[in-house]
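**Q** Note that this note's numbering numbers the sequence shown so that position 163 is 189, with each residue one more than the last.
For every residue, glycine included, the Cβ atom is placed at its ideal position computed from N, Cα and C.
Only a predicted model underlies this, so the values are computations on that prediction, with no experimental measurement involved.
Please see the structure below; I have some questions.
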Amino acid sequence: MRRVKLAMINALVRCNQKIRRPAVKQDNKAKQNKGKVSVEAPQDTCDLGQRRWKVQREGLTVGLDVGDKISHYCVLNEEAEVVERGKLKTTPAALQPWIEALPAGTRVVLETGTHSSWISRLMEQARQEVLVAQPRKMPQIYACKRKNDRRDAEKLARTGRLDPNSMGPIRHRSAEQQADLAVIQARDALVQVRTQLINTVRGMVKGTGERLMGCSARSIAQQVEIPHRWRAALLPLVSQIRSLSEQIERYDVEVEKLAQKKYPETELLRQVSGVGPVTSLAFVLTVADRWRFRHSRDVGPFLGLVPAQDDSGESSPQLRISKAGNTYLRRLLVGSAHYILGPFGPDCELRRWGKKLSERGDKNARKRAKVAVARRLAVLLHKLWVSGEVYEPLPEKRAAA
Numbered sequence: 027m028r029r030v031k032l033a034m035i036n037a038l039v040r041c042n043q044k045i046r047r048p049a050v051k052q053d054n055k056a057k058q059n060k061g062k063v064s065v066e067a068p069q070d071t072c073d074l075g076q077r078r079w080k081v082q083r084e085g086l087t088v089g090l091d092v093g094d095k096i097s098h099y100c101v102l103n104e105e106a107e108v109v110e111r112g113k114l115k116t117t118p119a120a121l122q123p124w125i126e127a128l129p130a131g132t133r134v135v136l137e138t139g140t141h142s143s144w145i146s147r148l149m150e151q152a153r154q155e156v157l158v159a160q161p162r163k164m165p166q167i168y169a170c171k172r173k174n175d176r177r178d179a180e181k182l183a184r185t186g187r188l189d190p191n192s193m194g195p196i197r198h199r200s201a202e203q204q205a206d207l208a209v210i211q212a213r214d215a216l217v218q219v220r221t222q223l224i225n226t227v228r229g230m231v232k233g234t235g236e237r238l239m240g241c242s243a244r245s246i247a248q249q250v251e252i253p254h255r256w257r258a259a260l261l262p263l264v265s266q267i268r269s270l271s272e273q274i275e276r277y278d279v280e281v282e283k284l285a286q287k288k289y290p291e292t293e294l295l296r297q298v299s300g301v302g303p304v305t306s307l308a309f310v311l312t313v314a315d316r317w318r319f320r321h322s323r324d325v326g327p328f329l330g331l332v333p334a335q336d337d338s339g340e341s342s343p344q345l346r347i348s349k350a351g352n353t354y355l356r357r358l359l360v361g362s363a364h365y366i367l368g369p370f371g372p373d374c375e376l377r378r379w380g381k382k383l384s385e386r387g388d389k390n391a392r393k394r395a396k397v398a399v400a401r402r403l404a405v406l407l408h409k410l411w412v413s414g415e416v417y418e419p420l421p422e423k424r425a426a427a
């Protein structure tokens, strides 16, 4: 029944996204991978990781340095000469007429930030070519000793016109996906507040020489016994913890509804033990487009789960992970890895591989193993999403059978 259900979900996802399944060439490698599904990205899908921006030779280029209240812009002509400068209020009412007044096909360059998502959507609606750059890819801006908004707008325009690929252009998710992701982010905010309150209660009681009994965060308001002398101070906090737990449970119901009704592909990801509705939905909404990566292993660097590099000549220092990308999803994946390697994690190939890593090296080997498992888990989730395969925790058992 589970295989039939997953097959139906996979068919529904392919139908919604108009994905063609080409014939698989029969060779030795294909025979070894018998039972796996080969899926190609549709030709009309924009691969964010593969798109190459061309040097602009015609038309205007606009650099827009977006501020919280005021945004500065700089316009370059075909000769890369400044023809106009100015500033606008960072509001839809002020930006939309200015965007519509630009010639169609104008390249507008801005950096990622709080306002970049809705501004880029306004640009696309007006049929402008919008390029959203990563700030960490722009050292000529953040490392400048004479930095100001006016210069930043001009540097954005010049780099976006002559060397756009060096800016690491990205595309924002849709407004609908952003709204759905906000549900998970709001839930996470409540979870963090609840954790801080629980730690405060436990810390204050511990200062008296007593300790509260160990229990889950959801049941602490019902099971713990507050000392009599501390009730006046701590009972209001316990009441807030109870209220937060109820609100988090309502968010859990909403997340489950979203996963079932709008994102059925999350069921493919939830085949892996330790991956629940929150992690699977966060993964789908953060990646947004499963075809954005040429290979599934590219998900690791995207989420900052691979070591940073600072090689020069014969020097190749061992560095910590880069921690680039989405912090929240990286934290969820590390939490799933913690469960997989923990005492309640089921036996699977991923757990065995992580255990081998944690058994070698120094006392920090277990921490590094969790990060390594989180990276491999991210790769596995993307592979399941792309291929629609049925997950086998122990492939050798299936082969032996």
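Under 9 Å between the Cβ atoms of residue 311 and residue 267?
**A** If you number the sequence shown from 1, residue 311 lands on position 285. If you number the sequence shown from 1, residue 267 lands on position 241. No, Cβ-Cβ distance for residue 311 and residue 267 is not below 9 Å.
**Q** Let's see if you can read the secondary structure: which residues bound the beta strand (DSSP E) around residue 111?
**A** Walking along the sequence shown from the start, residue 111 turns up at place 85. Counting along the chain, the beta strand (DSSP E) containing residue 111 begins and ends at 108-115.
**Q** Which of the three DSSP states, helix, strand or coil, is assigned to residue 351?
**A** The residue you call residue 351 lines up with position 325 of the sequence shown. Coil.
**Q** Helix, strand or coil for residue 129, going by three-state DSSP, please let me know.
**A** The count along the sequence shown starts at 1 and reaches residue 129 at position 103. Note: residue 129 maps to coil in three-state DSSP.
**Q** Measure the CB-CB distance between residue 179 and residue 111 and report whether it falls below 9 Å.
**A** The residue labelled residue 179 in the question sits at position 153 within the sequence shown. The residue labelled residue 111 in the question sits at position 85 within the sequence shown. A contact, by the Cβ cut-off of 9 Å.
**Q** In the DSSP assignment, find the unbroken beta strand (DSSP E) run with residue 98 in it and report its ends.
**A** Working through the sequence shown from its first residue, we reach residue 98 at position 72. Segment 96-102, the beta strand (DSSP E) holding residue 98.
**Q** So the alpha helix (DSSP H) residue 229 belongs to, where does it begin and stop?
**A** Translated into the one-based positions of the sequence shown, residue 229 becomes position 203. From DSSP, the alpha helix (DSSP H) with residue 229 extends over 201-232.
**Q** Return helix, strand or coil for residue 310, following the three-state DSSP convention.
**A** For the purposes of this step, residue 310 is identified with residue 284 of the sequence shown, where counting begins at 1. Note: residue 310 maps to helix in three-state DSSP.
**Q** Under DSSP, the alpha helix (DSSP H) around residue 178 begins and ends at which residues?
**A** Taking the sequence shown and counting its residues from 1, the one referred to as residue 178 is at position 152. Run containing residue 178: 175-188, per the alpha helix (DSSP H) assignment.
**Q** CB residue 138 to CB residue 160, shorter than 9 Å?
**A** What you label residue 138 is simply residue 112 of the sequence shown in a count that begins at 1. What you label residue 160 is simply residue 134 of the sequence shown in a count that begins at 1. Yes, the Cβ-Cβ distance between residue 138 and residue 160 is below 9 Å.
**Q** What would DSSP say about residue 341, mapped onto helix, strand or coil?
**A** Looking up residue 341 in the sequence shown gives position 315. In the structure shown, residue 341 sits in a strand (DSSP, three-state: E or B).
**Q** Between which two residues does the beta strand (DSSP E) containing residue 91 stretch?
**A** Indexing the sequence shown from 1 puts residue 91 at position 65. Per DSSP, residue 91 belongs to the beta strand (DSSP E) from 87-91.
**Q** What three-state label does DSSP hand residue 252 in the structure shown?
**A** Start at 1 with the first residue of the sequence shown, and residue 252 comes out as number 226. Residue state, collapsed to three classes: coil.
**Q** Helix or strand or just coil, what does DSSP make of residue 333?
**A** If you number the sequence shown from 1, residue 333 lands on position 307. Three-state DSSP puts residue 333 in a strand.
**Q** Does the distance from the CB of residue 330 to the CB of residue 349 come in under 9 Å?
**A** Within the sequence shown, numbered from 1, the residue matching residue 330 stands at position 304. Within the sequence shown, numbered from 1, the residue matching residue 349 stands at position 323. In contact: residue 330 and residue 349 (Cβ atoms closer than 9 Å).
**Q** Should the region 175-192 be regarded as contacting the region 284-292, the criterion being three or more beta carbon pairs within less than 8 Å?
**A** The answer is no - the region 284-292 does not touch the region 175-192, with fewer than three Cβ pairs under 8 Å.
**Q** If you reduce the DSSP assignment to three classes, tell me which class residue 279 lands in.
**A** Position 253 of the sequence shown holds residue 279. Here residue 279 sits in helix by DSSP.
**Q** Could you give the first and the last residue of the continuous alpha helix (DSSP H) run that contains residue 383?
**A** Taking the sequence shown and counting its residues from 1, the one referred to as residue 383 is at position 357. It spans 375-385 - the alpha helix (DSSP H) in which residue 383 sits, taken as one unbroken run.
**Q** Roughly how many angstroms separate the alpha carbons of residue 91 and residue 317, rounded to a whole number?
**A** Translated into positions along the sequence shown, residue 91 becomes position 65. Translated into positions along the sequence shown, residue 317 becomes position 291. Near 30 Å, if we compare the C-alpha coordinates of residue 317 and residue 91.
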